[in-house]
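Presented below is the structure to which this report refers.
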Amino acid sequence: MKSAGAILAAAVLFTAACNNATDKTEASSQTIKAGIMKTDWGEADGQRVSLFTLTNAKGTEVKISTYGGIVTSFVTADKSGGKSNIVLGFDSLSGYLAKPPYFGALVGRYGNRIADGKFTLDGKDYHLATNNGKNALHGGLKGFDKVVWAASVASDTVPSLTLTYLSKDGEEGYPGNLNVTVQYTLTDDNELKIEYTATTDKATPVNLTNHSYFNLSGDVSKGILGHSLMIDADAYTPVDTTLIPTGEIKAVKGSPFDFTTAKPIGRDIDSVPGGYDHNFVLNSKGNQFAKVAVLSDSTSGRSLEVYTDQPGLQFYTGNFLDGKFTNRDGKAINQHAALCMETQHFPDSPNKPAFPSTILKPGETYHTVTVYKIVLQ
Ligand code: BGC
Numbered sequence: 252m253k254s255a256g257a258i259l260a261a262a263v264l265f266t267a268a269c270n271n272a273t274d275k276t277e278a279s280s281q282t283i284k285a286g287i288m289k290t291d292w293g294e295a296d297g298q299r300v301s302l303f304t305l306t307n308a309k310g311t312e313v314k315i316s317t318y319g320g321i322v323t324s325f326v327t328a329d330k331s332g333g334k335s336n337i338v339l340g341f342d343s344l345s346g347y348l349a350k351p352p353y354f355g356a357l358v359g360r361y362g363n364r365i366a367d368g369k370f371t372l373d374g375k376d377y378h379l380a381t382n383n384g385k386n387a388l389h390g391g392l393k394g395f396d397k398v399v400w401a402a403s404v405a406s407d408t409v410p411s412l413t414l415t416y417l418s419k420d421g422e423e424g425y426p427g428n429l430n431v432t433v434q435y436t437l438t439d440d441n442e443l444k445i446e447y448t449a450t451t452d453k454a455t456p457v458n459l460t461n462h463s464y465f466n467l468s469g470d471v472s473k474g475i476l477g478h479s480l481m482i483d484a485d486a487y488t489p490v491d492t493t494l495i496p497t498g499e500i501k502a503v504k505g506s507p508f509d510f511t512t513a514k515p516i517g518r519d520i521d522s523v524p525g526g527y528d529h530n531f532v533l534n535s536k537g538n539q540f541a542k543v544a545v546l547s548d549s550t551s552g553r554s555l556e557v558y559t560d561q562p563g564l565q566f567y568t569g570n571f572l573d574g575k576f577t578n579r580d581g582k583a584i585n586q587h588a589a590l591c592m593e594t595q596h597f598p599d600s601p602n603k604p605a606f607p608s609t610i611l612k613p614g615e616t617y618h619t620v621t622v623y624k625i626v627l628q
């Protein structure tokens, strides 16, 4: 545990550093403490944006922007000692202001879809901003991925960045002032740990996640269909044509959705119209923090283990990527260039009473942890 004094001291130091940085108009970088660098990254919404670089003892490096809490870069070693970036992203803020489909984003207030952008809570009807046909997706028109978060650096020995944001009552149609804290930590075991905390003053749905698109080869032109994947889920939630769950919890056994034993992602994908974009019902059921998925790429020797305490995992094979965006290395981001494994509660839970509840009430604390861990085979 960090002492309150230590946090305060770090926050004071950090604020002083921020004040210096905002005086300058050109990009500038400074070391905040061992393993954490801060770069002035431009402006969004009339606010200065910073990019933080977290580096661990193994030389793994993760960059996070205060705009959208976005993980812009994740550079790790491969089995031959080379290094590459295993997430889609851009080197400049302008790339993100062009609204790519949630590359690396911190998604909220409600990750994934809410049918027709509406729900009823405690007898009251709520109407959300709709931004995906008739549905609400990933928090609406201006979700948590498009706002500027306040940042602070705790005086831990492990590089760690804390982001906070107050989502006001009525924002994008959601009830209640929601105070959100997201802490990113990069451990020396090559784990990117994401800890989400939130409190509210009115009952509201909350479902926070991270939308990083991974390609463990580092080469988006190779795509991810050759990666192998295990998901510890005996069931998934089938969807309608607008990707809203039908409400059924369906066994994966004997279907293309069976990833209980690792298999290449491309093996059965042609039998899934549009590709995988489904919520898997994790066997850990949100009751415990568990390893729920393992993604592997044999050429680089990298595996990515996903740990969470959430009941669901949205496995999305980048079906809507269409070459419109170009990765930082100049390569076109085409369909299946990368994939997402979004730890979450099930889509449309506010309208599906049989799904685990996503309602946070005043006096309660939303708290969940997800870890993405890189392992070399
Ligand atoms: C959804 C996809 C959507 C994508 C947006 C994923 O979480 O499941 O349907 O297209 O986010 O980039």
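Heads up, this note's numbering is the position in the sequence shown plus 251, with the first residue counted as 1. Heads up, the beta-carbon is just placed ideally off N, CA and C, and yes, glycines get one too. This structure is a prediction, so every number in the text was calculated from the model and none was measured.
Annotation for Y347: the continuous alpha helix (DSSP H) segment containing it runs 344-348. Residue burial annotation: K314 is buried, with at least 16 other C-beta atoms found within 10 angstroms of its C-beta. When G319, S280, N578 are compared, the shortest CA-CA separation from V431 is found for G319. With distances taken between CA atoms, T594 lies nearest to V532 out of A366, K284, V532. Taking A449 as the centre and dropping the five residues before and after it, the same chain places the C-beta of L429, V431, V457, Y617 closer than 6 Å to its C-beta, in chain order.
Taking A295 as reference, the option from Y361, T497, N336, K350 with the minimal CA-CA separation is K350. Counted as a single uninterrupted DSSP element, the beta strand (DSSP E) harbouring Q281 occupies residues 280-284. According to the DSSP assignment, E442 belongs to the beta strand (DSSP E) that extends over 442-451. Rounded to the nearest angstrom, the gap between the Cα atoms of V626 and L555 is 6 Å. The residue from T493, D521, T497, P496 with its alpha-carbon nearest to that of S506 is D521. DSSP, reduced to helix, strand and coil, places E423 within a helical segment of the structure shown. Under the three-state reduction of DSSP output, I482 falls in the strand class.
At least one heavy atom of the ligand BGC falls within 7 Å of the beta-carbon of Y567. Within the stretch 292-365, complete alpha helix (DSSP H) segments of at least 4 residues are found at 344-348, given in chain order.
Non-local C-beta neighbours of G563 in its own chain, meaning closer than 7 Å and more than five positions away in sequence, comprise N530, F531, V532, L533, Q595, H596, F597, ordered along the chain. Taking all protein chains shown into account, T460 has 16 or more neighbouring C-beta atoms within 10 Å of its C-beta and is therefore buried. C-alpha of L443 to C-alpha of L305: approximately 10 Å in a straight line. Here S411 carries a strand assignment [DSSP, helix/strand/coil].
Here DSSP, grouped into helix, strand and coil, assigns D528 to strand. Residue state for I495 is assigned as coil, using DSSP reduced to three classes.
With a 10 Å radius around the Cβ and a threshold of 16 neighbouring Cβ atoms, T488 comes out buried. Segment contact: the stretch 468-487 against the stretch 545-560, three or more CB-CB distances shorter than 8 Å; contact assigned. Remark: C-beta atoms of L302 and T323 approach each other more closely than 8 Å.
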